[in-house]
Amino acid sequence: MLIRLYSETGLLVENLEFQPGINIIYGKYSKDKEAKGINGIGKSSLVRLINYMLLSDSSEREFRKTKYNFLRSENHSLILEFSVNGKKHFIKREFDNENLIWHGTQPNKLSDYDKSEMLSILSGQLLPVENNEVYLEGNRFRTLMQFFIKDDIQNKGRTDATNFFSFTPNAVEKYIYNFYLLNLPTKNLINFNEVAKDYKSYSSALKTHEEKLKIETGRTIEEYRSEKLKLETNVALLRKRLDGYDFRDTHTEIEKKLSEIISQINIKSQEYHEISQRLKNIRDSYQVNQDIDTEKIKKLYNEVQANFGTSVKKSLDEIIEFKKEILENRNKFLVNKERDLVETIDVIFKELSRLENSRTKLLGELKEKGALDKLEKTYEDLLTEQSYLERQNLILQQVDEYNVILSDLEVALSATKKDVVSDIQRSHSSLDELRKLFYEILEATVYMDEEPLSGYFDVAVNSKSKKGTLPFKIDVSIPKSGSHGQEVLKTIAYDLMIFINAVKQQRNLPDFLIHDGVFYGMSHKTMVNILNYIHMKAAELNEIKQFQYIVTFSEDEVEVPIDKKDLYGEFSFNFDLKKIIVLEDIETKMLFKRDIRQ
């Protein structure tokens, strides 16, 4: 329950105290000659302030606008007091640092948190996990709060009752959130969503690889499988031709010399590498680390017994001096050995250079005689054919792997679809309760004992759904839903069905629902009937669980001419007592005590 919204810096024209049941944020004409109308006097801004206190990104973006610069320049802050299971909590926020939030159970003992920490805290308080069948993965606090707090802009763009999001989720994600709010099983829906995402991803990858093969070969996958056999035969023939290549008699002597030289080069190269490694080992052996801090050792031993450390140091110095003499003699030997190895390496290197020159010369002679032309052409053909074959085979291999994966995923999708359908069938009692509640809302707000009753809420199983799509749909229908007013009614009725059902089941969800500008375009009588129904349900459920319905109205939306109450409808409660704040179109009575309209 929301309790209070107040400012210690005097930001608001008046602090707000919320009450159980209906809470009206009211816009009134002042009839002042300087007044410019009641649009922009702060009704929606107040809803956004509540949302801001509950960490809304969209509200943060709104209050960053230039017209709200005074919030930062004047160092304003707000405190929201609310209760969870009877325990009070306080959230304090400023506007110059959106990442800093204070929270606690006593207003004078608040601890500071960053936004990510606070999101986790509020998620645990307002949206705790209740069972292992109805849940959401990850922190979905802000996404779900879009259902419980809807500002004017969000409501105007809402045409689908099940889509209360500021973003566009895929169909499965949308229904996961709706099932969670409806208290229907989400576990298998979440599994289905993950499998469907994988299926879509691999299907896209498969299509990309098939198109790539088509572009490079001009053939489909099926056509290339046959072409592949011809390519493999060509590669095998080219390899056989190279392996069986026979030099003519006129070139035999040159070829023999070339083979001998290549053999000598290999032997000398091996010698070169072995001696180079020995030289490296010798150079690495010149120094032995003898960094011993004898002064430090002396100090340590003297702390134990006077003069003992001095004696130890002296012994160590003698050992180090002796070791140094040995090392010097050893290094003299190593220097001589190093010199011999360097000379040997120089000789080998010169011999390698001579052999390389001879090999180059012999290859040139073969080239001049045309002996290598055919060999080079065959080798080039082999490289081209083999590279082409390997590249296309790699694509084909990937295509085959994707097809196997997709086959497995299709089986998984079918199994998960079956599980989802089973969940819906097992939830028939819960669905019947929801259908009755939706029908009750329509009966109280639209029909008023009129016949026939044609509106409904349903979760209908679709046995012919395509792969990757859900085997059901949520259907919300009301009479004459083509008109704007009736479309608005459909979204309100759906929201109320979810909200009142959660209250009746005493779920650990927010017990407030905020609608800003939601009744625009609706008939006055329908609006009156809705508020009367909410007032009646608040009284009926009071002993089970209290709830709050917070709504914005302008004066001209609720005026009822005395002589037309039958046409306009009549409130079953004292409307004025439900107003928690009255804003007017003069600066001193606007929300921020100033006119920020641009």
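Residue numbers for the sequence shown follow my numbering, beginning at 562 and rising by one.
Where is the CB? At the ideal position from N, CA and C, for every residue including glycine.
**Asked** If you follow the beta strand (DSSP E) that Gln1109 is part of, which residue opens it and which one closes it?
**Response** 1109-1115
**Prompt:** Buried or exposed: where does Glu904 fall if 16 or more other Cβ atoms within 10 Å of its Cβ makes it buried?
**Reply:** exposed
**Beta-carbon contacts of Lys761 that lie in its chain and below 7 angstroms, excluding the five residues immediately before and after** = Around Lys761: Gly1029.
**Request:** Go to Arg654, then tell me how far its beta strand (DSSP E) extends in each direction, as first and last residue.
**Result:** 648-655
**Asked** In chain order, which continuous runs of the beta strand (DSSP E) of length 3 or greater are located wholly inside the region 1047-1131?
**Response** 1073-1076, 1109-1115
**Message:** For a test of the three-state rule: what should DSSP assign to Lys1150, helix, strand or coil?
**Reply:** helix
**Asked** With burial defined as no fewer than 16 other Cβ atoms inside 10 Å of the residue's Cβ, what is the status of Arg609: buried or exposed?
**Response** buried
**Delimiting residues of the beta strand (DSSP E) encompassing Asp1019** = 1017-1022
**Asked** Among Leu573, Met1097, Asp1117, Ser988, which residue has its Cα nearest to the Cα of Phe1132?
**Response** Met1097
**Asked** For the 8 angstroms Cβ check, are there 3 or more pairs between the region 721-734 and the region 693-712?
**Response** yes
**Asked** Just the Cα atoms here: how many angstroms apart are Glu771 and Asn749?
**Response** Looking at the two C-alpha atoms, the distance is approximately 32 angstroms.
**Request:** Return the first residue and the last residue of the beta strand (DSSP E) that Leu641 is part of.
**Result:** 638-645
**Request:** Measuring alpha carbon to alpha carbon, tell me which of Lys1140, Glu1118, Asn660, Glu1120 ends up nearest Asp675.
**Result:** For Asp675, the nearest C-alpha among the options comes from Asn660.
**Message:** Between the alpha carbons of Leu1152 and Gly588, how many angstroms are there, rounded?
**Reply:** 10 angstroms
**Request:** For the region 1078-1098 and the region 752-759, state whether three or more C-beta atom pairs, one from each stretch, are separated by less than 8 angstroms.
**Result:** Contact between the region 1078-1098 and the region 752-759 is absent: fewer than three C-beta pairs spanning the two stretches fall below 8 angstroms.
**Request:** Between the Cα of Gln686 and those of Val574, Lys648, Tyr1129, spot the shortest distance and give me the residue it belongs to.
**Result:** Lys648
**Beta-carbon contacts of Arg1057 that lie in its chain and below 6 angstroms, excluding the five residues immediately before and after** = Looking at the sequence provided, one finds Leu at residue 1057 rather than Arg. Correct list, in chain order: Ile1002.
**Prompt:** Count the other CB atoms within 10 Å of the CB of Ser1115; is the residue buried (16 or more) or exposed (fewer)?
**Reply:** buried
**Prompt:** Exposed or buried, which one is Ala1063 when buried takes at least 16 other CB atoms within 10 Å?
**Reply:** buried
**Buried or exposed by the 16-neighbour rule on C-beta atoms within 10 Å, applied to Asp1072** = buried
**Prompt:** On the three-state DSSP scale, how would you describe Lys773?
**Reply:** In the displayed model, Lys773 falls within a helix according to three-state DSSP.
**Asked** Looking at C-beta atoms only, is the number of pairs between the region 689-697 and the region 734-745 that lie closer than 8 angstroms three or more?
**Response** The region 689-697, when compared against the region 734-745, does touch it at the 8 angstroms Cβ threshold.
**Asked** In its own chain, which residues sit with a C-beta less than 6 angstroms from the C-beta of Gln539, not counting the 5 before and 5 after it?
**Response** It is not possible to answer for residue 539, since the shown part of the chain is limited to 562 through 1159.
**Asked** Which residues in the same chain have their Cβ closer than 7 angstroms to the Cβ of Lys1139, if we skip the five residues on either side of it in sequence?
**Response** The beta carbon of Lys1139 sits closer than 7 angstroms to the beta carbons of Ile583, Asn584, Ile585 from its chain, once the five residues preceding and following it are set aside; these are given in chain order.
**Request:** Give the single residue among Lys1106, Ala1099, Glu1104 whose Cα lies nearest to the Cα of Phe1134.
**Result:** Ala1099
**Asked** According to DSSP, what are the bridge partners of Asn584?
**Response** Ile1111
**Item:** Exposure label - Arg1155; buried when at least 16 CB within 10 Å
**Value:** exposed
**Message:** Tell me which residue opens and which closes the beta strand (DSSP E) that Lys626 is part of.
**Reply:** No residue range can be given for Lys626, since it is assigned to no beta strand (DSSP E) and is classified by DSSP as neither H nor E.
**Item:** Sequence-distant residues of its chain with Cβ nearer than 8 angstroms to Val1179 (five each side left out)
**Value:** Residue 1179 lies beyond the residue range present for the chain, which begins at 562 and ends at 1159; the question has no answer from this structure.
**Request:** If I'm right that Lys711 touches Ile1075 with Cβ under 8 angstroms, what's the distance once you round it to whole angstroms?
**Result:** Indeed, because the Cβ distance is near 7 angstroms, the residues count as touching under 8 angstroms.
**Prompt:** Going by the CB atoms, is the gap between Leu632 and Leu680 shorter than 7 angstroms?
**Reply:** no
**Prompt:** For Tyr1017, is the classification buried or exposed, using 16 other Cβ atoms within 10 angstroms of its Cβ as the cut-off for buried?
**Reply:** exposed
**Request:** Quick one: using the 10 Å Cβ neighbour count with 16 as the cut-off for buried, is Glu1048 buried or exposed?
**Result:** buried
**Asked** In three-state terms, what does DSSP make of Gly598?
**Response** Gly598: coil per DSSP, three-state reduction.
**Asked** Nearest-angstrom Cα distance between Gln958 and Leu998?
**Response** 56 angstroms
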